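Chain order of the listed sequences is A and B.
Each residue of the first sequence is one higher than the one before, counting from 241 in my numbering.
Each residue of the second sequence is one higher than the one before, counting from 2 in my numbering.
Every residue, glycine too, gets a C-beta built ideally from N, C-alpha and C.
Source: prediction; values computed, not measured.
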Amino acid sequence: MMDVFVYAGLDDMWLKIQDQCALKLDTLRKDDNGNEIYDPADTILIGHSLGAAMLPHLVWRECAYDGSISYRGMILLASPLGFKSPYPGVCQDFLQRMGGLAGGTRENTLARFARAWNKVGDNRLRFICNEYDIVCSDVKYTIPGTGQLVDLIPLQQGFNPAEINILNREHTGCVQFITFGKRDPAKIADNHDVLTYLKQPEFVEALDGML
Amino acid sequence: MRKSLVPVNYSHLGHRREGLRPFPPYRTRKIEQTVGREWLGTRNLPAASRQNANSCIPLFFCIAFFAQVQFAAAGQLSASLEQYKAEVQAILVAAPAGPVTGYLKTCIEGADQLNGLEAIDPRVPTAFDALVKKRGEADEALTADTSKTAEVRAENAAYNAHLYAYRKAEYIGLIKLQDELLDRKYFKTETAKNANFLEGYVNGRLPLTRAQHGDVVKAFRDEHLGVSPWEAIFRFEPAMAFENGTQPAILGTAGLSYAFFPTVNRATTPVTFSESVWSRYLQKSGGRVGVGVGQFDDKTRLVLGAGVQVYAAGLWALYEPDEQKFMFAVSMSDLSKIKKIIGGFD
């Protein structure tokens, strides 16, 4: 959780992490001598969990400076990008940060971001969210004994229906909900497991579409 | 071979990139499963975060798939610009009248900012700023439908193939320098060893101390690349008071320090730093106020004071209200160093 706190709560550390990630990604596309061996247009970015909130920041920041999205595609698994800060003046949420770069409001930022991927191609942006994953969905868990359904985090973690509509309208079919695991508080980690996400046919289909 | 610019031919208004091999079996590079280790560098996180880095569950996960691309020799900026413009003009001629032609014309106007410039020209970044602004204006006019037309996609691909690489190279160069400035402010100096989350939060929120996070173009034109040299400090520091010998004290301090950053030399390509005497040797300085306790005549007493920070040391004028005495003191951001100094006096 410390990583989440540092990234989301300490603004200048957000910038530091963004810089480090941008440099790391650039290094990965180059050989040991610094020569570029992989074109950005043939680079597909895949993020999971907090990484799936960090990557949109990285791409959007680059786009704001470079004037274009250069990557081939981006798949975001269990992205908490839709998380809404209850105190935005105290702790900015992830979309506020993108809006600060370009876009403004949550809705406008999402629309511009999804539309920007249209210029790259169809099906180049994909959010894949497990409906039972507490990180990216406002899931209600069954409380053992009582059988009552309870939202364990009384905050908005995932996109709300209006935001999902905006994303899907601007970049057709870019938000996809899947279901695996159980509505069981003991299964929170399993419901968020990256390897399980990577095994889902929806992920394979999204990746194939980009290849 | 500097860049892998792939030749493009959009004369048919399609958007397939010629010269690009079919996507081979993709290669995977797992960047890092957990943040706080190699990927983001545990050394770069505050101490409390470092301690927790090994116990946290994996939260960052990122994979990049790459396909190796054919190389083509990169042209100079003017040649690349001509190629871009020729392709977009061809697209424009065949495009149906409407918002898409408006988009294409605005993009060409943006590209005109680079006319007559070569990559090493120091005016190129500013010209690109204007180009990017124009592209932003062009984007504003697009809708969900018009942004996915073949013409818009072809223009975007032409921009990425011919001009993007020049801007990206500058971007990465500036990111490196900005990262270095953040390192100097928050991690590299002696005073950073006692940094804490309160400081991290406050410095990220106060307008005076906060880095410019929003307008990235504006930030990179700033003399410190958007990183504020000012830093708020709230911490406890061990001190050595000079009162009938050396007396130990502990001070709770609040203050503001200024990091002497190197000058960003924009005349070179890539952009580099030019160090000054201040940035090389002094690095940080600032003022503090403090309240604490000291051991005087075998009694623990309250002390108040004001001080200045020079490098990792704080020089203090302390006042002890009980005995109404003034004294000097030295504090250090690193406890081990003050032990050595006290040892030397003893």
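Going by DSSP, residue 280 of chain A is part of no alpha helix (DSSP H) but of the beta strand (DSSP E) stretching over 278-289. Non-local C-beta neighbours of residue 205 of chain B in its own chain, meaning closer than 7 angstroms and more than five positions away in sequence, comprise 211, ordered along the chain.
Look at the beta carbons and you see the stretch 367-379 of chain A touching the stretch 421-429 of chain A: at least three pairs across the two are nearer than 8 angstroms.
Secondary structure of residue 449 of chain A (DSSP, three-state): helix. Among the residues of chain A, those whose CB is under 8 angstroms from the CB of residue 169 of chain B are 280, 302, 306, 310, following chain order. Of the other Cβ atoms in all chains shown, 16 or more fall within 10 Å of the Cβ of residue 321 of chain B; this residue is therefore buried.
Identification of chain A residues near residue 204 of chain B by a Cβ-Cβ cut-off of 9 angstroms yields 250, 251, 252, ordered along the chain. Exclusion of the five residues before and after residue 404 of chain A leaves 415 as the residues of its chain whose Cβ lies within less than 6 angstroms of its Cβ.
Counting only unbroken stretches of 4 or more residues, the alpha helix (DSSP H) elements lying wholly within the stretch 190-221 of chain B are 198-206, in sequence order. Residue 226 of chain B sits in coil when the DSSP states are folded into three classes, being neither helix nor strand. Chain A has a Cβ within less than 9 angstroms of the Cβ of residue 183 of chain B. For the stretch 258-274 of chain A, the set of residues with a beta-carbon nearer than 9 angstroms to any beta-carbon of chain B comprises 258, 259, 260, 261, 262, 263, 264, 265, 266, 268, 269, in chain order.
When Cβ-Cβ separations below 9 angstroms define contact, residue 96 of chain B makes no contact with chain A. Look at residue 156 of chain B here: in three-state DSSP terms it is helix. In this structure, the CA atom of residue 285 of chain A is about 13 angstroms from the CA atom of residue 443 of chain A. Residue environment analysis places residue 289 of chain A among the buried positions, since at least 16 neighbouring C-beta atoms fall within 10 angstroms of its C-beta. Put simply, the CB of residue 153 of chain B is near chain A, with a gap under 9 angstroms to one of its CB atoms. Within 10 angstroms of the beta-carbon of residue 81 of chain B lie 16 or more other beta-carbons, which makes it buried. If you ignore the 5 residues before and after residue 360 of chain A, its C-beta comes within less than 6 angstroms of the C-beta of 309, all in its own chain and listed in chain order. Non-local C-beta neighbours of residue 271 of chain A in its own chain, meaning closer than 7 angstroms and more than five positions away in sequence, comprise 277, ordered along the chain. Its Cα nearest to that of residue 129 of chain B, the residue B:167 stands out among B:106, B:103, B:167, B:97. With contacts defined as CB atoms closer than 9 angstroms, residue 378 of chain A and residue 165 of chain B fail to qualify as a contacting pair.
Assignment of residue 444 of chain A by DSSP, reduced to helix, strand and coil, places it in the helix class.
Ranking B:95, B:99, B:173, B:198 by CA distance to the CA of residue 250 of chain A puts B:198 first.
Contact between residue 78 of chain B and residue 132 of chain B is absent: CB atoms are separated by about 12 angstroms, not below the 8 angstroms threshold. Proximity to residue 309 of chain B across B:244, B:290, B:299 peaks at B:290, based on C-alpha coordinates. In this structure, the alpha-carbon of residue 138 of chain B lies about 44 angstroms from that of residue 256 of chain B.
Scanning chain A for C-beta atoms nearer than 7 angstroms to the C-beta of residue 331 of chain B yields nothing, as the closest lies near 29 angstroms away. Looking at the DSSP output, residue 310 of chain B shares a beta bridge with B:287, B:315.
Here residue 330 of chain A carries a coil assignment [DSSP, helix/strand/coil]. About 20 angstroms separates the CB atoms of residue 312 of chain A and residue 145 of chain B; that is not less than 8 angstroms, and the two are not in contact. Residue 388 of chain A and residue 380 of chain A have their C-alpha atoms roughly 9 angstroms apart. Annotation: residue 258 of chain A is outside any beta strand (DSSP E); the continuous alpha helix (DSSP H) that includes it extends over 251-268. Contact annotation: in the stretch 355-381 of chain A, residues whose CB is within less than 8 angstroms of a CB in chain B are 355, 356, 358, 359, 360, 361, 362.
Bounds of the beta strand (DSSP E) holding residue 231 of chain B are 231-243. When beta bridges are read from the DSSP output, residue 313 of chain A appears opposite A:284.
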